[in-house]
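First comes the structure, then the notes that go with it.
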Amino acid sequence: MSSSTSTVGGAIRRDDGAGGGRLGRRMSGLAVALGCVLFVGGFAWAAVVYRPYTVPTDSMKPTVSPGDKVLAQHATGAEVRRGDVVVFRDKLWGDEPMVKRVVGVGGDVVACCDKQGRLTVNGSPVDEDYLAGGLSASLEHFRSDVPGGELFLLGDNRNVSLDSRVHLEDAQQGAVPASDVEARVVATVWPLGRTGMLPRTSAFGAVPASGGAGGSGGGGGSGGGLPSQGPLEWLVVAVIAGAALILGGAAYGPLAGLARRRR
Numbered sequence: 057m058s059s060s061t062s063t064v065g066g067a068i069r070r071d072d073g074a075g076g077g078r079l080g081r082r083m084s085g086l087a088v089a090l091g092c093v094l095f096v097g098g099f100a101w102a103a104v105v106y107r108p109y110t111v112p113t114d115s116m117k118p119t120v121s122p123g124d125k126v127l128a129q130h131a132t133g134a135e136v137r138r139g140d141v142v143v144f145r146d147k148l149w150g151d152e153p154m155v156k157r158v159v160g161v162g163g164d165v166v167a168c169c170d171k172q173g174r175l176t177v178n179g180s181p182v183d184e185d186y187l188a189g190g191l192s193a194s195l196e197h198f199r200s201d202v203p204g205g206e207l208f209l210l211g212d213n214r215n216v217s218l219d220s221r222v223h224l225e226d227a228q229q230g231a232v233p234a235s236d237v238e239a240r241v242v243a244t245v246w247p248l249g250r251t252g253m254l255p256r257t258s259a260f261g262a263v264p265a266s267g268g269a270g271g272s273g274g275g276g277g278s279g280g281g282l283p284s285q286g287p288l289e290w291l292v293v294a295v296i297a298g299a300a301l302i303l304g305g306a307a308y309g310p311l312a313g314l315a316r317r318r319r
């Protein structure tokens with residue numbers, strides 16, 4: 057039985073656990089309310105900050121493969137750093153959005169290759185850990201003085217990628233305006249076997265600041281350090297925590313009723 061009686065001072069008092077039950081119901085209600093805020097808020101924030109894209113070619117393998125669906129955080133060209141994988145649209149490159157990696161910002165001198173087959177930026181060699189094993193930074197040698205407000209972009213699959221190297225004879229020496237950037241890729245969401253945050257690289261951490269106009273922050277992001285991934289991981293945690301609170305709060309009533317019946 058869930059109730060009991062006791063005599064105090066000749067009076068009969070009934071104890072049915074109502075106080076504890078009310079507190080439990082209140083706590084479960086608060087859990088469901090907080091869970092709804094986290095769950096709905098996480099999805100809403102993600103919908104505002106991130107956009108899905110489908111990678112059309114194999115120019116970014118092995119980082120992302122053709123057909124992969126990725127999430128990209130809205131970003132301006134001024135927020136982009138060396139090492140970021142970005143979505144951009146440039147009329148000289150075609151009408152479709154393209155995905156490439158930023159290897160040079162305004163004022164940088166990007167060249168290839170040194171004696172070890174590595175890319176150099178402002179004279180500093182870059183060990184590109186995201187390239188397929190043993191792949192040279194480029195099959196052809198090149199040099200570009202990146203104009204202010206521009207970005208030099210290469211695909212990770214250098215042997216097949218049509219990127220800034222193809223446009224070296226343009227007035228911008230292969231670079232594209234930083235304003236053409238739409239977003240920064242932060243995660244792969246499909247297929248499920250490849251789901252996860254995009255690997256971060258410290259390859260450009262030792263690159264010195266550019267000496268030319270428009271370098272480090274002058275329309276094309278900044279230099280060393282790890283590429284930003286935005287708040288996506290925290291939003292995923294918020295959504296999962298919200299779902300757990302909603303389920304836990306909703307389950308309180310049936311579980312409490314079952315426990316009372318067993319008593």
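Sequential numbering from 57 applies to the sequence shown in the numbering used here. Quick reminder that beta carbons are idealized off the backbone N, C-alpha and C, glycines included.
Closest by C-alpha distance to glycine 160, out of Gly189, Val177, Phe144 and Cys168, is Val177. Collapsing the DSSP output to three states places serine 258 in coil. In the DSSP assignment, tryptophan 246 falls within the unbroken beta strand (DSSP E) covering 237-246. Lys147 is the residue among Ala89, Pro153, Gly304 and Lys147 whose C-alpha sits nearest the C-alpha of histidine 223. Histidine 130 sits in a strand when the DSSP states are folded into three classes. When C-beta atoms of the stretch 214-221 are compared with those of the stretch 122-136, fewer than three pairs fall below 8 angstroms, so the two segments do not count as touching. Taking a contact as a CB-CB distance under 8 angstroms, the pair aspartate 212 and leucine 187 counts as one, their CB atoms being some 6 angstroms apart.
Glutamate 206 sits in a strand when the DSSP states are folded into three classes. Secondary structure note for aspartate 201: its beta strand (DSSP E) is the uninterrupted segment 198-201.
At a Cβ-Cβ threshold of 7 angstroms, valine 142 and glycine 305 do not count as neighbours. A Cβ-Cβ contact shorter than 7 angstroms links glycine 133 with serine 235. Using a 10 angstroms sphere on the CB of lysine 171, the tally of other CB atoms stays under 16, which defines it as exposed. For aspartate 185, the CB contacts under 7 angstroms within the same chain, skipping 5 residues up- and downstream, are Thr257 and Ala259 in chain order. Distance from the Cα of alanine 231 is smallest, within the candidate group Leu90, Gly204 and Pro122, for Gly204. For proline 153, the number of other beta carbons within 10 angstroms of its own is at least 16, and it is reported as buried. Contact between valine 166 and arginine 137 does not hold, since their C-beta atoms are separated by about 15 angstroms, which reaches or exceeds 8 angstroms.
One Cα belongs to aspartate 201, the other to glycine 150, and the distance between them is close to 23 angstroms. Taking 3 residues as the shortest admissible run, the stretch 129-198 contains the following complete beta strand (DSSP E) segments, listed from N- to C-terminal end: 141-144, 154-161, 165-168, 175-177 and 180-182. When the alpha-carbon of proline 233 is set against those of Glu196, Leu207 and Val96, the nearest one is in Leu207. Counting along the chain, proline 108 sits inside the beta strand (DSSP E) bounded by residues 106-110. Proline 233 carries a strand assignment under DSSP once its states are collapsed to helix, strand and coil. Taking serine 180 as the centre and dropping the five residues before and after it, the same chain places the C-beta of Ala262, Val263 and Pro264 closer than 8 angstroms to its C-beta, in chain order.
For methionine 253, the secondary structure class from DSSP, reduced to helix, strand or coil, is strand. Per the coordinates, the alpha-carbon of valine 96 lies some 22 angstroms from the alpha-carbon of threonine 251.
When the five nearest sequence neighbours on each side are left out, the beta carbons in the same chain lying within less than 7 angstroms of the beta carbon of leucine 90 are those of Leu301, in order along the chain.
Distance between proline 255 and valine 242, taken at the CA atoms: about 8 angstroms.
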